[in-house]
Amino acid sequence: MTFDTTPLIIGHRGAAGLVPENTLESFQRAVALGVGAIELDIHACEGALVVIHDESLDRTTNGRGYVKDTRLADLRVLDAGNGSRIPLLAEVFEAIPGEVGINIELKGTGTAELLAQLLPSQPTRPILISSFNHTLLGDFQALNRRYPIAPLFGRWRADTIDRAIEYSSGFINLGRKLVTEERLDFIRSFGLRTLIYTVNDLEEAKRLFRQGVWGIFTDYPDQISSTTL
Ligand code: G3P
Ligand code: MG
């Protein structure tokens, strides 16, 4: 499993359509379904990296308030769905076989520094680092240039390719609504590989791969897989 093979299926927040997102069980389900890699989101909490999408606890747990304002001990007893806990990133590294690729998305302040400290524990695991916050990507690159970076874009702007080239190590990650043939051709002409989020329709996934997309993020790796494509 590596980010260097296409068509690449990435389990979005694990298998978020099947098991509560960003939990160990969700990542394990995605791996069992044969994804090429998993994607997860990280925030900092009292010097630890915790795996949760939102800056607030409200949507995905039985807690309330912001992750950054919560004591780590209090956050760790919350229910993130089906009785699962909010995992530490270090716990995901332990629970998921070392050959499984992990796309780590930096969501919050302080994540770049903590990740640069933690990643040496994973010397052989395929890792791809992403963020919509390109300043965080720059912070990470200033500390560690060993790992590939894939900047995320939720909107297409005149400087999208320039920004991608500034930060990217060969990948650009786009929202599915940004996809046009012209943009994909334009991106390819710069030698970048495109990863598209979040694709939950099999026919759309097939079309994207025909158009030359390198990989997709999906909540349903049971429906979109190497056997159904
Ligand atoms: O990295 C792809 C995707 O995870 C980006 O959006 O909001 O699901 O983190 P979001
Ligand atoms: Mg994400």
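Per this note's numbering, residue -14 is the first one in the sequence shown, and the count goes up by one each step.
Glycine included, every Cβ here is placed at the ideal spot set by N, Cα and C.
- Nearest Cα to Ile112 within the set Ala97, Lys162, Leu177 and Tyr132: Tyr132.
- Contact between Leu187 and Thr212 fails: their C-beta atoms lie close to 11 Å from each other, not under 8 Å.
- Tyr205 has its CB no nearer than 8 Å to any heavy atom of the ligand MG.
- Counting along the chain, His119 sits inside no beta strand (DSSP E); it lies in the alpha helix (DSSP H) bounded by residues His119 to Leu128.
- The DSSP assignment places complete beta strand (DSSP E) segments of no fewer than 3 residues inside the stretch 124 to 190 at 134 to 138, 156 to 160 and 178 to 182, in order along the chain.
- Under DSSP, Glu90 shares a beta bridge with Asp26 and Ser115.
- Counted as a single uninterrupted DSSP element, the beta strand (DSSP E) harbouring Leu(-7) occupies residues Leu(-7) to Gly(-4).
- Going by C-alpha positions, Arg178 is about 25 Å away from Thr96.
- Taking the Cβ of Asp39 as the reference point, every heavy atom of the ligand MG lies at 8 Å or farther away.
- Those residues placing their Cβ nearer than 5 Å to any heavy atom of the ligand MG are, following chain order, Asp26 and Glu90.
- By the beta-carbon neighbour count (other beta carbons within 10 angstroms, threshold 16), Ile81 is buried.
- Annotation: Phe(-12) is outside any alpha helix (DSSP H) and is labelled neither H nor E by DSSP.
- With a cutoff of 9 Å on beta-carbon distance, Ser69 and Leu91 are scored as not near each other.
- For the pair of segments examined, the stretch -9 to 11 was found to touch the stretch 196 to 209: the number of CB pairs separated by less than 8 Å reaches three.
- The C-beta distance from Thr183 to Ile(-6) rounds to 12 Å, too long to fall under 8 Å, and the pair is not in contact.
- DSSP places Leu34 inside the beta strand (DSSP E), whose first and last residues are Ala33 to Val36.
- Ranking Val52, Ala127 and Asn88 by CA distance to the CA of Thr94 puts Val52 first.
- Where Thr203 is concerned, the enclosing beta strand (DSSP E) starts and stops at Gly200 to Thr203.
- When C-alpha distances from Tyr152 are compared across Thr120, Leu57 and Leu159, the shortest belongs to Thr120.
- In terms of side-chain proximity, the C-beta atom of Lys92 is found nearer than 8 Å to a non-hydrogen atom of the ligand G3P.
- The shortest C-alpha to C-alpha distance from Ala22 to any of Val77, Gly48 and Pro72 is the one to Val77.
- The beta carbons of Ile71 and Ile89 sit no closer together than 9 Å.
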